[in-house]
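Structure, as structure tokens:
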Ligand code: PDD
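In the working numbering, the protein residues as written are 1 to 295.
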């Protein structure tokens, strides 16, 4: 069986087998979920938008007042080493930084002498099988119970975990998070809506993760002259949508064809992936193969 995590992994300055990698149980990532992460897709061994991912990592570190333990070049060199050592051409790189392990448990930050913990590994990038894409996936809506800085990519993901599990328990692939009547995003994805030929995208606020794939989709929409509105999406608009899609670095673009047990869309296309999502998926594939794979 193909392993999910390639050896070696990176932990605190060393490349070593996963089985030999360990951190203190006093690590603040373990005790408090006090840390940040990134997931970077790799196509043909080229890390896609690595600068943007490292900038988002920096923004999240700044947001939680944690100094970046590595310079950009050091991040790149460790990422390139993981990519080179892994057996797959298409990968996903996971990076995590926590506030390290003090010698006691105290909510307030540890002294500056406590080093951050840095962990990184490569996994295979598993694209959605064609038969799943052809049908689309089911989703549910749930109240958004997360905190007020969802723009930060932090490892404390309990509300996301519970929302996604609620979806999985109902045989669904994603949970769409509703706050104050508006759909913000998915438990681990950004969400787009199509209505009457217009692509609707929620704005980047502190209540949504600024997805790198989200940016690519908006760029593709603009460069192809797709009508686009960036604004809050009311829950009722979500339910009346012609199409709903999810996006992420690992899922790319995937149609949501059932929402809370009801088919998305109407008429012949009800409950089926729609033409706009299909078009965007094709633009994304073309971009991936002509630009991303070439570096
Ligand atoms: N998640 N919103 C949330 C809450 C996410 O967790 C993610 C990605 C996204 C999409 O961001 P991007 O396009 O940059 O991947 C939006 C990653 C894949 C994860 O947690 O594994």
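Positions of the beta carbon are idealized from the N, C-alpha and C atoms, including for glycine.
What you are looking at is a predicted structure, and each value in this text was computed from that prediction instead of being measured.
Could you check whether the Cβ of residue i sits closer than 8 Å to any heavy atom belonging to ligand 1?
i	result
residue 158	no
residue 150	yes
residue 141	no
residue 86	no
residue 205	no
residue 280	no
residue 29	no
residue 250	yes
residue 212	yes
residue 104	no
residue 37	yes
residue 208	yes
residue 186	yes
residue 189	yes
residue 247	yes
residue 288	no
residue 297	The chain is shown only over 1 to 295; residue 297 falls outside these bounds and no answer can be derived.
residue 76	no
residue 153	yes
Among the options, which has the Cα closest to the Cα of residue i?
i	options	result
residue 317	94, 65, 134 and 150	No statement about residue 317 is possible, as the shown extent of the chain runs from 1 to 295 and does not include it.
residue 273	245, 250, 285 and 292	245
residue 285	236, 58, 29 and 127	127
residue 71	288, 86 and 58	58
residue 76	116, 46 and 98	46
residue 38	151, 193, 275 and 81	151
residue 242	218, 192 and 169	192
residue 227	148, 195 and 255	195
residue 240	177, 204 and 270	270
residue 293	6, 44 and 40	44
residue 80	22, 100, 101 and 121	121
residue 155	20, 26 and 34	34
residue 216	197, 253 and 5	253
residue 4	14, 86 and 16	86
residue 261	103, 250 and 167	167
residue 153	265, 29 and 209	209
residue 101	139, 40, 22 and 175	22
residue 174	142, 181, 198 and 236	142
Please classify residue i as buried or exposed, where buried requires at least 16 other C-beta atoms within 10 Å of its C-beta.
i	result
residue 248	buried
residue 24	exposed
residue 224	exposed
residue 60	buried
residue 202	buried
residue 131	exposed
residue 165	exposed
residue 184	buried
residue 190	buried
residue 117	buried
residue 230	exposed
residue 74	exposed
residue 97	buried
residue 8	buried
residue 19	exposed
residue 144	buried
residue 290	exposed
To the nearest angstrom, how far is the alpha carbon of residue i from that of residue j?
i	j	result
residue 42	residue 125	8 Å
residue 134	residue 188	21 Å
residue 136	residue 114	47 Å
residue 112	residue 220	44 Å
residue 31	residue 105	8 Å
residue 89	residue 83	8 Å
residue 49	residue 288	11 Å
residue 234	residue 207	14 Å
residue 94	residue 238	31 Å
residue 159	residue 276	31 Å
residue 157	residue 211	16 Å
residue 26	residue 67	19 Å
residue 250	residue 91	9 Å
residue 16	residue 10	6 Å
residue 232	residue 13	43 Å
residue 179	residue 218	23 Å
residue 172	residue 103	42 Å
residue 53	residue 283	21 Å
Please confirm if residue i has its CB atom under 9 Å from at least one CB of chain C.
i	result
residue 226	No chain C appears in the structure shown, which is made up of a single protein chain.
Practice task
Identify every run of the beta strand (DSSP E) within the region 10-47, keeping only runs that are complete inside it and at least 3 residues long; order them along the chain.
Solution key: Assignment of beta strand (DSSP E) within the region 10-47, counting only whole runs of 3 or more residues, yields 14-16 and 35-43 in chain order.
Handout entry: Complete beta strand (DSSP E) runs within the region 182-239 (minimum length 3 residues, chain order)
Key = Fully enclosed beta strand (DSSP E) runs of 3 or longer: 182-186, 190-195, 198-201 and 228-230.
Problem - Segments assigned alpha helix (DSSP H), at least 4 residues, entirely inside the region 66-141 - result: Here the runs fully enclosed are 72-85 and 130-135.
Practice task
Starting from the N-terminal side, write out each stretch of the alpha helix (DSSP H) that is 4 residues or longer and does not extend beyond the region 149-173.
Solution key: Along the length of the region 149-173, whole alpha helix (DSSP H) runs at least 4 residues long occupy 158-169, reported in chain order.
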